[in-house]
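Student: Per our numbering, residue 1498 is the first one in the sequence shown, and the count goes up by one each step.
Built from N, CA and C at the ideal position, the CB exists for glycine as well.
Predicted model only: the values in this text are computed from it and were never measured.
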Amino acid sequence: MNARARKVAIIGGGIMGSAAAYYLRRLGIEAVVLERGAFGTEQSSRALGFIRCQGRHHAEIGLAVHANRMWPGLAGELQADLEYVREGNLVVAETAADEDRLRRSSAAARAAGLSTRVVSRAEIAHISPRLAGPWRSGIFTAEDGHASPVKATHAFAAAAQRLGAEFRPDTPARAIEIADGRVAGVRTASGLVAADAVLCAAGVSTNFLLRPLGLALPIQIVRSSNLESEPVPPFTRIGVWSPHIAMRPRLDGTFSFGTGYRGLRPDHDLGAVSLNHLGWFLPRFLANPRRPRLRLNRDTLDNLGRALAARAAMRPMPEPIVNEDMIAERLRWAGALFPHVGGFRRARAWAGRIDATPDLIPIIGPFEKLKGLFVAGGFCAHGLALAPIVGRTLAELMARGTSEIDLRAFRPERFRGPVLDEDPTAL
Ligand SMILES: Cc1cc2nc3c(=O)[nH]c(=O)nc-3n(C[C@H](O)[C@H](O)[C@H](O)COP(=O)(O)OP(=O)(O)OC[C@H]3O[C@@H](n4cnc5c(N)ncnc54)[C@H](O)[C@@H]3O)c2cc1C
């Protein structure tokens, strides 16, 4: 059991750091959030917005179910509109292989207590009448939904501040300080922020802080490019996942489009950190037909600069490059999905860096080797949905030394031995 913390320094003002600060304050624990740039400008403002349990890795599904139970109450609790819609998530199958995968995914979801069911072509037409395509069948989970990542992140941050958490923007954490074999706080340009626990929730930059302590984690970065359409007269509130494209309808008639479940190969910007934990990543990379495309570009230079100078690593990351080919492809698939629109028009495109782990489940919890140090990272593009339960559980662990939810499957030390592999039923 970890000693109980009275003050926690949190590195990273994304949704994880903000949610942890909120739940810490609810338990009466002091919380200081250090953010190197502006709050919520990295992954947390770039997510598509799916709040789903369906199709999760079997090790993660329980956590996702707990999070899903919290989402309906969050708008009231945080006193903010989150654009949360819970009208189900539909996944459609094009081929016999897709069908087989979805059926197995549905069985896994039902075993975890979800209402996921296989739906016929006729039922698909009933659930999403405007949806076109050669869909053989699909699966539908009524309790899944979607929300605004930006609004959810800001709502947690604002609620935490109302409860007395201190949020410091433009304050990079330079180092995690150790004294007498346990954490003593976080070093910043303006001095030490003393704390008896530190939560590293630094997203894709987690290892810049953990490596000097000999605690680097196997996290690699992939880049995904997404698209928001101009508004059309609203015709659905249900998120759809096809093999080629994922779609989230917004209440104002705009749509967000991202990667479908068969995947479009994401980008990986080469840099010194590409060599991070190759023993874990290289075999999986080579065996993966949807492996990331390796890119040499301005991010490579930025990345090398960060590797060479510790101070450079503390700067906010540059805006990620949008892959225009990917965006063009998304626009084509979007039009094919809803032909009655007569072609969606691009309002904006954006890219986001995703922190991925070898087993495609996140890294959450305390370090056994260093008392008082906790991490929340490697969310593999699932962190928006999980944030409430991760924030609450980490706050319990830091405040009380125990938590209602068991996080052992996500422990940072799991990479010392063989880890779970990709779950073929996960989408
Ligand atoms: C394109 C895309 C689509 C996604 N779609 C979904 C989805 O549909 N559903 C879902 O559940 N999830 C989705 N995700 C994943 C989700 O966005 C992330 O898992 C989640 O936002 C992670 O939150 P975070 O707080 O851990 O990280 P971040 O939001 O990246 O926050 C980390 C913060 O740490 C700060 N930081 C780093 N180093 C330092 C330092 N030294 N000092 C101070 N601050 C520092 C950074 O500036 C950053 O603000 C998606 C992600 C992307 C990129």
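Alpha carbon to alpha carbon, how far is residue 1898 from residue 1498? Give it in angstroms, no decimals.
Tutor: Only weak support is given to the placement of residue 1498: the predicted model assigns it a pLDDT of 45, under 50, and the question is left unresolved by the model.
Student: Ligand 1 and residue 1794: does any heavy atom of the ligand fall closer than 7 Å to the residue's C-beta?
Tutor: False, no ligand heavy atom lies under 7 Å from that Cβ.
Student: Just how far apart, CA to CA, sit residue 1608 and residue 1787?
Tutor: 28 Å
Student: Below 8 Å, how does it come out for the segment 1617-1630 and the segment 1760-1775: are there three or more Cβ pairs, yes or no?
Tutor: Here the segment 1617-1630 does not lie against the segment 1760-1775, with fewer than 3 beta-carbon pairs under 8 Å apart.
Student: Since residue 1642 and residue 1526 are thought to touch, with beta carbons under 8 Å apart, how far apart are those beta carbons, to the nearest angstrom?
Tutor: Not confirmed; about 30 Å, so no contact.
Student: Check residue 1548 in the structure and name its three-state DSSP category.
Tutor: Three-state DSSP puts residue 1548 in a strand.
Student: What do you reckon, is the C-beta of residue 1531 under 7 Å from a heavy atom of ligand 1?
Tutor: yes
Student: Is it right to say residue 1816 is buried, meaning 16 or more other beta carbons lie within 10 angstroms of its own, or is it exposed?
Tutor: exposed
Student: On the DSSP bridge assignment, give the partners of residue 1766 in chain order.
Tutor: 1792
Student: Which residue marks the beginning of the alpha helix (DSSP H) containing residue 1658, and which one marks its end?
Tutor: 1646-1659
Student: What are the residues that DSSP puts in a beta bridge with residue 1676?
Tutor: 1679
Student: Would you mind reading off the limits of the beta strand (DSSP E) that contains residue 1617?
Tutor: 1614-1617
Student: Assign residue 1667 to buried or exposed, taking buried as 16 or more other Cβ atoms, counted over all protein chains shown, within 10 Å of its Cβ.
Tutor: Residue 1667 should be labelled exposed.
Student: Pull up the distance between the alpha-carbon of residue 1496 and that of residue 1893, whole angstroms please.
Tutor: Past the edges of the chain, shown from 1498 to 1924, lies residue 1496, and the structure says nothing about it.
Student: Considering just the uninterrupted stretch of the alpha helix (DSSP H) at residue 1725, what are its terminal residues?
Tutor: Note, residue 1725: premise wrong, no alpha helix (DSSP H); beta strand (DSSP E) at 1717-1726.
Student: Express the C-alpha separation of residue 1579 and residue 1520 in angstroms, rounding to a whole number.
Tutor: Each residue's Cα considered, the two are about 18 Å apart.
Student: In or out: residue 1791 buried (at least 16 other Cβ within 10 Å) or exposed?
Tutor: exposed
Student: Ignoring anything shorter than 4 residues, give me the alpha helix (DSSP H) runs that lie fully in the segment 1528-1608, in order along the chain.
Tutor: 1558-1575 and 1593-1608
Student: Only counting the same chain, and skipping five residues up and downstream in sequence, which positions put a Cβ closer than 8 Å to that of residue 1504?
Tutor: 1526, 1527, 1528, 1529, 1691, 1692, 1693 and 1694
Student: Please name the residue in 1569, 1585 and 1533 whose C-alpha comes closest to that of residue 1551.
Tutor: 1585
Student: Verify the CB distance criterion: does residue 1769 have a CB-CB separation below 8 Å to chain C?
Tutor: The chain inventory of the structure shown lacks chain C, comprising one protein chain alone.
Student: Measuring straight from C-alpha to C-alpha, what distance separates residue 1808 and residue 1801?
Tutor: Distance between the alpha carbons of residue 1808 and residue 1801: 13 Å.
Student: What residues in its chain sit with their C-beta under 6 Å from that of residue 1803, if we drop five residues either side in the sequence?
Tutor: 1809 and 1810
Student: Taking just the CA atoms, how far does residue 1523 sit from residue 1534?
Tutor: 26 Å
Student: Rounding to the nearest angstrom, what Cα-Cα distance links residue 1665 and residue 1857 in this structure?
Tutor: 31 Å
Student: By the DSSP assignment, the alpha helix (DSSP H) with residue 1832 in it spans what residues?
Tutor: 1821-1834
Student: Less than 7 Å separating the Cβ of residue 1540 from some heavy atom of ligand 1?
Tutor: yes
Student: Taking just the CA atoms, how far does residue 1708 sit from residue 1716?
Tutor: 12 Å
Student: Grab me the residues of residue 1732's own chain with a C-beta within less than 7 Å of its C-beta, minus the 5 sequence neighbours each way, in chain order.
Tutor: 1627
Student: Hey, how far is the Cα of residue 1821 from the Cα of residue 1846?
Tutor: 9 Å
Student: Applying the criterion that 16 or more other CB atoms from any shown protein chain within 10 Å of the CB defines a buried residue, is residue 1727 buried or exposed?
Tutor: It is exposed - the Cβ of residue 1727 has fewer than 16 other Cβ atoms within 10 Å.
Student: Hey, how far is the Cα of residue 1778 from the Cα of residue 1513?
Tutor: 25 Å
Student: Going by Cα to Cα distance, which pick from 1842, 1873 and 1655 is closest to residue 1730?
Tutor: For residue 1730, the nearest C-alpha among the options comes from 1842.
Student: CB of residue 1744 to nearest heavy atom of ligand 1: below 7 Å?
Tutor: no
Student: Measure how close the beta-carbons of residue 1851 and residue 1887 come, nearest whole angstrom, since I'm counting them as under 8 Å.
Tutor: Between residue 1887 and residue 1851 the Cβ distance is about 16 Å, and since that is not below 8 Å, they are no contact.
Student: Can you give the Cα-Cα distance for residue 1721 and residue 1673, rounded to whole angstroms?
Tutor: 30 Å
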